[in-house]
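Before any comments, here is the structure.
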Amino acid sequence: MSSIMWVEKYRPRTVAEVIGNEEAKASFIDWLRKKSRKRAVLLYGPAGVGKTALVHAAANDFKYKVIEMNASDTRTEEAMMKIAGPATSLTSLEKFSLGIKGSLLLLDEVDGVFGREDRGGVSAIMRIVQESRVPVVLTANDPDIERLRPLRRACRLIRLRGVRIPLIVAFLQKICLVENVAAEEEALEMIAQNSQGDVRSAVNDIQTLCEGKRTLRREDAQRIFVRNKGFNVYETLRGMFSAGSAAEAYKVLDGSLMDYDTLLLTIHDNLPLRYRDPEKLATAYDVLSKADVFRGRVGTENWQLLSYVLELLTQSTTIAPKEYQPFNFIFPPTKLTLLKWTRSERTLLEKICAAIGSRCHVSRRFANSEFIPFLKIILGRESEQAAQMAAWLGLDKESIDYLRGKDQQIGADEDEGIE
Amino acid sequence: MKVLNKKGFRLPYMGTDRFRELTRMGVEYERGSFFIRNLNNVESIKDALSEILSERIAFTQTCLICGKEFLCTDCKYYDACLTRDLPFHCICKKCSQKNDLYEQCVERGKLRIKHAY
Chain P
679 MSSIMWVEKY RPRTVAEVIG NEEAKASFID WLRKKSRKRA VLLYGPAGVG KTALVHAAAN
739 DFKYKVIEMN ASDTRTEEAM MKIAGPATSL TSLEKFSLGI KGSLLLLDEV DGVFGREDRG
799 GVSAIMRIVQ ESRVPVVLTA NDPDIERLRP LRRACRLIRL RGVRIPLIVA FLQKICLVEN
859 VAAEEEALEM IAQNSQGDVR SAVNDIQTLC EGKRTLRRED AQRIFVRNKG FNVYETLRGM
919 FSAGSAAEAY KVLDGSLMDY DTLLLTIHDN LPLRYRDPEK LATAYDVLSK ADVFRGRVGT
979 ENWQLLSYVL ELLTQSTTIA PKEYQPFNFI FPPTKLTLLK WTRSERTLLE KICAAIGSRC
1039 HVSRRFANSE FIPFLKIILG RESEQAAQMA AWLGLDKESI DYLRGKDQQI GADEDEGIE
Chain X
225 MKVLNKKGFR LPYMGTDRFR ELTRMGVEYE RGSFFIRNLN NVESIKDALS EILSERIAFT
285 QTCLICGKEF LCTDCKYYDA CLTRDLPFHC ICKKCSQKND LYEQCVERGK LRIKHAY
């Protein structure tokens, strides 16, 4: 067994040694040199494409000292400010003694800051980003998660994509040459294809396969397991809507990271953009409605019926496979967005129904369907009787205003919150 | 399939709304040509451009070794590639048969960085 991991041994020392993502590299160097407008940058992309390696390599090239906090550290507000606070404000002595430009703060895998252990972590990162006097680099796999939304606004975003196969093959060839391993090109191609753009996993695979050997054959490479990284929202939608057959769409769905309920709603929203012909659109909606029926039957225990749901979902996206024209997908589903917008209104209505229910000994649902419409009319007249009724039911001013139809304010407030 | 050069391409009249949508996605317009400013969202841009041109589109690739423009369709990994037809750098078919590819990529990379800064 080698004493050192090859991923460490062949870690890039300069930006030029980082393979792939040329545009992202240029953009990052541009930011680091000019530090234009935004103090912080968020590098995002799948694992193993060189986010952290790029930061270290660039710091080495441009003489920065990297102060790093990664996922293995506890990243509470207190812990983060303890380390990052001085680093972002003080000029290090090393700047003069070692001839470095200054410090560069690297907060690795910020999408992993969550839970009780990392309480206050995101707000601490926000403070660091806003107050820092040194360049701050954040990395994440998925920047779209809700809690990172403020960070997206405060940072310059640079996306890194999976490294292309010819580049990974070239890198593996170089490793084999240095390690004195005679590798068949087909074997290297198989490893590179299997890695799906993840250089780190490709290097780990080749180290595993070459352990104690001087040759690497195609048959050896077949031993490695195929990595199923899973498709994100965009890849899932694009794959399913552009699939040539239901079987092809099923493959995409099988590897998707989306949950089935969100996917069903998303397909529902996007079908009119996919099918311009009303007849085909009607057929697609018909199939989708059956998928919805089966989803209802699956519930929480009849999971054996799930295959019908998936089958019907894929069918709905492949009614006319040859007529596919690319379009901009609608996501998140409008139903979920609407529910989010009306959350405060629904909470208020629930509160009113609970008050009516406890006073009149009826269920909330009954109160909603049988009492609320009449209450709206009665309270809308603003008579003395209406005031007495509201007092008897124990409704507060907010509830009365809502029933009188002065609920526009609630929606407006909610909108502001979302913006 | 329509081939677009990422450095600049022309588009037919598309109306204000569509133009605004493209700008928001990261496409810029200057002196009659469009070019992509923000590559973070390039898949959506590609779809929007396909919709405008009513045709599938592909971006030319620039070879990291020889600097020539080429198309992904020439590549033997076309089916397996996860980022095909996007406007990025790669290695062309001719250069991929050379030896010491990695060293050449690094050397070219150093030159690019030196020229840029």
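Keeping their order, the protein sequence lines are chains P and X.
Just so we're aligned, residue 679 is where the first sequence starts under the working numbering, counting upward by one.
Just so we're aligned, residue 225 is where the second sequence starts under the working numbering, counting upward by one.
All C-beta atoms, glycine included, are put in the ideal place defined by N, C-alpha and C.
Fair warning: this is a prediction, and the values are worked out from it, not measured in the lab.
Between X:Asp298 and X:Cys316, the gap from beta carbon to beta carbon is short of 9 Å. Residue state for P:Ala925 is assigned as helix, using DSSP reduced to three classes. Minimum Cα-Cα distance from P:Lys1013 among the listed residues P:Asn948, P:Gly922 and P:Ile745 corresponds to P:Asn948.
Around the CB of X:Tyr301, 16 or more other CB atoms lie within 10 Å, so the residue is classed as buried. Listed in chain order, the non-local C-beta contacts of P:Leu951 below 6 Å within the same chain comprise Phe1005, local neighbours out to five positions each way being set aside.
Annotated three-state conformation of P:Gly917 is helix, per DSSP. Scanning the segment 844–890 of chain P for uninterrupted alpha helix (DSSP H) segments of 4 residues or longer gives 863–873 and 877–888, listed from N- to C-terminal end.
Annotated three-state conformation of P:Met747 is strand, per DSSP. For X:Glu252, the enclosing beta strand (DSSP E) has its first and last residue at Val251 to Glu254. Following the DSSP letters along the chain, one finds X:Thr284 in no beta strand (DSSP E), marked with neither H nor E. P:Glu787 sits in coil when the DSSP states are folded into three classes, being neither helix nor strand. P:Pro821 sits close to P:Leu720, with the two beta carbons spaced by under 9 Å. Close to chain P, meaning a Cβ-Cβ distance shorter than 7 Å, are the following residues of the segment 294–318 of chain X: Tyr301, Ala304, Cys305, Leu306, Thr307, Phe312, His313, Cys314 and Ile315. Beta-bridge annotation (DSSP): P:Thr817 is paired with P:Leu721. Distances from the alpha-carbon of X:Ser274 to those of X:Glu252, X:Glu254, X:Arg261 and X:Arg242 put X:Arg242 closest. Annotation for P:Ser1061: no alpha helix (DSSP H) segment contains it, and DSSP assigns it neither H nor E. X:Tyr301 carries a coil assignment under DSSP once its states are collapsed to helix, strand and coil.
The closest CA to that of P:Glu1001, considering only P:Leu984, P:Asp1074, P:Val971 and P:Leu959, is found on P:Leu959.
If you check each beta-carbon in the segment 1005–1022 of chain P against every beta-carbon of chain X, the ones closer than 9 Å belong to Phe1005, Asn1006 and Phe1007. Between P:Pro690 and the set X:Ala340, X:His339, X:Lys338 and X:Tyr326, the nearest pair of CA atoms involves X:Tyr326. Counting only Cβ-Cβ distances below 9 Å, X:Cys287 has no contacts in chain P at all, with the closest Cβ about 10 Å away. Nearest C-alpha to X:Arg280 among X:Ile289, X:Ala272 and X:Arg336: X:Ala272. In this structure the segment 985–993 of chain P lies against the segment 918–934 of chain P, because at least three pairs of beta carbons, one per stretch, are closer than 8 Å. X:Ile269 places its beta carbon 9 Å or farther from that of X:Met238. The alpha carbon of P:Ser1022 has as its nearest neighbour, out of P:Ile1055, P:Glu1062 and P:Ser1077, the alpha carbon of P:Ser1077. Contact annotation: P:Gly890 and P:Val841 have beta-carbon atoms that are not nearer than 9 Å. In this structure, P:Ile836 sits away from P:Ile884, with a CB-CB distance that is not shorter than 9 Å.
The residue among P:Arg805, P:Leu845 and P:Glu746 with its C-alpha nearest the C-alpha of P:Glu787 is P:Glu746.
DSSP, reduced to helix, strand and coil, places P:Lys687 within a helical segment of the structure shown. Residue-level contact by beta carbon holds for X:Asn264 and chain P, with a gap shorter than 9 Å.
Taking C-alpha positions only, P:Ser810 is separated from P:Val744 by approximately 14 Å. Chain-order list of chain X residues neighbouring P:Glu957: empty, with the shortest C-beta distance near 21 Å, by a criterion of under 9 Å.
If you ignore the 5 residues before and after P:Arg896, its C-beta comes within less than 6 Å of the C-beta of Glu862, Glu864 and Ala865, all in its own chain and listed in chain order. Counted as a single uninterrupted DSSP element, the beta strand (DSSP E) harbouring P:Leu835 occupies residues Cys833 to Arg837.
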